[in-house]
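Residues 10 to 509 in our numbering are what the sequence shown lists, from first letter to last. Notes follow the structure.
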Amino acid sequence: MKQNIDSLLNSFIGNVKFPFDFFQAANYMGIKKAGDLNYALSWLEANPAVLSVGNNAFASRIGMFTDQVFSILPSRYEINNNILIVGHRCIPFGNPDVLPCDYKFLFKNNAIPHKIIEMQTNDLFDYYYLHGEEFVPQYLSLDPANKGFDMADCDYELPGKMKVTVFDMADFYKKFSFKSGDRLKVRLENWMLGIFSIDVQKDTRETPFEINESEEARERWFELFEKQLLQSFDLFGVAGSIDEQIAFAYILAGTELFSDLSGSVEEYIKKTNKIEITEFGVETRLWRAGEAISVMNLRLDNDLDDSDIERFNGVSKIFLSIGVPLTEIFLDSFIYDSLYKKEQNCDLILKRIMPENIIELSSKDMIFCLLLLEKRRAILQRDYKWFADYEKGQLRSKILEFYAVMISFVYSLGQNDVSPESMPQQPLVVLSQLFTHLGRMLESLAPNASISSKDISSLYLSLEGMQFSFEDLSKELEQSVNIYEKGKFTIIRKEDEKHG
C-alpha cells in the first residue's frame, strides 16, 4: 500500500502548480486512513521537492517551476571566454540535490557541451554565494573537475585557484553575436534531473543607459520580487536556506514572477539596499538590510504548539513539555547507543537524557517513559547488528554525550527569568543550528544508513568543531544571564533601601 501512496504523491506533486492544503489533497487522492495520512504527511515533509508553507499547507517545486522561465545575464568575463558558470544562477528553479556542475542545458534539443577551466577561487565565489557562502567550498570540491581534491589536505582552506565545470558557449555566443547586455532565457524542463532549455534575449538598446519597454518590464519585476521577498520574511521568518527564502517569494507572487522579461535574482541582490546576505549563526541567509536575525525570526511554523507536540511519541512529548528538545531521531539514537553498549534495559538511557538537577518529572512520568522506551527498544532490537554498527556506534556515543551536555545547558537557561529576547541572538541561533546538525549526523549514523569510513572521520572533525562553537556560545550566554541576574539583584536591593 505504501508504494501506491508513493505513486499517488509523486504524481500529485509533479502536476500541482499552486500551494495546496494537505487534507484536501489527501482526500482528492483517496488517502483517508489515519496511518496512510500520517505516512503521506511525513513523506511530504521530508521531500526536497516540497516546501512547507505552514498550517499543513505545501507547495511543490516540481509543479510550480517546471515549464516556467527565468533569465541569466552572463558577465563580461563569461562572454569574453565563451563560457557560462551556472553556480547559483538557477535558484530557486533548480533541484538543490543536483550539483550545478551536473545541470544540463539544451538549445533546440541539443546539449550544450561542458568544459573545465581554472579560475581564481575568490572570483568563483561571485557565482556561487547564493548557495550560502559557508557551502561554496563544498560545491567547488564536489565538482568532478576537482576530483581527488581533499580539503583536509589544505587545512580546510581553499587554494588560490580551483577548477570548475562550465558550459562551453562558444558556438551559441557566435551564432547570436552575443554581447554584454544580452541574456539567456532559461526554461526548466526536468526538475529531478536538472535539465533546462535556453534561448537568447538580445539587448536592443543602443546604449546601456537607454530605458526601453523591456527594461521597464524588468524594473517592475525587480519591484515585485522585492515586495514578495520582504513579505516572505514577515510570513515565514528566516527560511532553511537562501534558496528556500527565494522560493517563498515566488510562491507569494503566484505566477507574476514567471515573465519572459524577468530580471534575475542575482542582479537584484547586487543592486538592492533593502535586503542583504547576513550571518545566521554559522550560516548565511537573506534578511532585511541592517537588521540582525534573532531566534524570534526562525521559521514560524517551527514553533511547537499543542497540536505539533501531539505528533511526537509519549517520551518526547514529556520532555518537550519541560523545555527539553528530544525528537524521535535522538530518542532512537539513545536506544541504539544502549544496544551498542550491550545494556540489558533502558534504565541508563533516562539518566543520560535527563538534565542534572531536573525536578519536573514525576515518578509516574518516569515509569511511563521507561515502559515506552522498552517497547521501542524491543522493536529496534529485532534488526540491530552489533558488529555492523561498531564504527558508527563509537561516534554515535560521542555525539549523544555532547547532546546531553547541550540539553543540560538549555535546561539550566530555562530555569532563569531571562527571556530569549534579552539574550545575545547570534549564540542562540548557533545553539539552534547545533541541535539541527546533530540530528542530521545521527540520521547518517542510523544502522540502516550507508556511510563510508572517510565520511565518519569527517563527522568526527565536524563534531569537534561544534564542541568548540558550543563552548564559546555557552560562555557568552551564561555571561548575559549573570549580568541580568546581577542587575535584577541591584534593583531589588535599591528598592529595599528605599523602603528601609
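Ideal Cβ positions, reconstructed from N, Cα and C, are used throughout, including at glycine.
query, result
"How many Å lie between F267 and S342 at the Cα?", "44 Å"
"With 16 as the cutoff for other CB atoms within 10 Å, does S189 come out buried or exposed?", "exposed"
"How far does the beta strand (DSSP E) with A68 in it reach, from first residue to last?", "A66 to S69"
"Span of the beta strand (DSSP E) holding N199?", "R192 to N199"
"In whole angstroms, what is the alpha-carbon distance linking S406 and D346?", "6 Å"
"Within a Cβ cutoff of 7 Å, which residues of the same chain sit near F289, ignoring the five residues on either side of it in sequence?", "V247, I302 and V438"
"Please state the DSSP three-state secondary structure of R214.", "coil"
"Closest by CA to T293, which one among Q254, P429, V59 and S271?", "Q254"
"Out of curiosity, what's the CA-to-CA distance linking R229 and M363?", "56 Å"
"Based on the DSSP secondary-structure assignment, which residues constitute the bridge partners of H123?", "F176"
"What are the start and end residues of each continuous alpha helix (DSSP H) run of 4 or more residues lying completely inside the stretch 377-428, in chain order?", "399-423"
"Is DSSP giving S206 helix, strand or coil here?", "strand"
"Can you tell me whether D314 is buried or exposed? The criterion is at least 16 other CB atoms within 10 Å of its CB, across all chains shown.", "Residue placement at D314 is flagged as unreliable, the pLDDT there being 43, under the threshold of 50; a coordinate-derived value is accordingly withheld."
"Can you have a look at K384 and say buried or exposed, based on whether 16 or more other CB atoms are within 10 angstroms of its CB?", "exposed"
"Within a Cβ cutoff of 6 Å, which residues of the same chain sit near R361, ignoring the five residues on either side of it in sequence?", "A413"
"Measuring only the C-alpha atoms, how far is N322 from L60?", "Low per-residue confidence applies at N322: pLDDT is 49, beneath 50, and the placement is therefore not dependable enough to give any value."
"Give the secondary structure of K117 by DSSP, where H, G and I count as helix, E and B as strand, and everything else as coil.", "coil"
"Does the pairing of the stretch 264-280 with the stretch 108-126 give three or more beta-carbon distances under 8 Å?", "no"
"For M305 and E485, what's the separation of their Cα atoms in angstroms?", "19 Å"
"Between the stretch 175-195 and the stretch 207-214, do at least 3 Cβ pairs fall closer than 8 Å?", "yes"
"When you compare each of I388, Q434, Y349 and A34 to K394 by their alpha carbons, which one comes out closest?", "Y349"
"What is the DSSP secondary structure of V490, counted as helix, strand or coil?", "helix"
"To which residues of the same chain is L130 closer than 7 Å at the C-beta, ignoring the five residues directly before and after it?", "The sequence shown places Thr at residue 130, not Leu. Within the same chain, T130 has close Cβ partners L167, P168, G169, K170 and M171."
"Can you list, in chain order, the residues of its chain whose CB lies under 8 Å from that of L239, leaving out five sequence neighbours each side?", "K283, I284 and R297"
"Helix, strand or coil for V59, going by three-state DSSP, please let me know.", "strand"
"Can you say whether E219 is buried or exposed, counting buried as having 16 or more other CB atoms within 10 angstroms of its CB?", "exposed"
"On the DSSP bridge assignment, give the partners of E288 in chain order.", "T293"
"Going straight from the alpha carbon of A397 to that of L389, what length do you get?", "14 Å"
"Tell me the DSSP bridge mates of F158?", "According to DSSP, F158 bridges with nothing at all."
"Using the beta-carbon count (16 or more within 10 Å), is N24 buried or exposed?", "exposed"
"Return the first residue and the last residue of the alpha helix (DSSP H) that I260 is part of.", "I251 to A262"
"Hey, how far is the Cα of L133 from the Cα of P433?", "34 Å"
"Give a yes or no on contact between the stretch 153-160 and the stretch 94-106, applying the rule of three or more CB pairs nearer than 8 Å.", "no"
"Apply the 10 Å Cβ neighbour rule to T174 and answer buried if 16 or more other Cβ atoms are within range, or exposed otherwise.", "buried"
"Which residue's Cα is closest to the Cα of I71: K26, W52, I40 and V62?", "K26"
"How long is the line joining the alpha carbons of P101 and D252, rounded to whole angstroms?", "5 Å"
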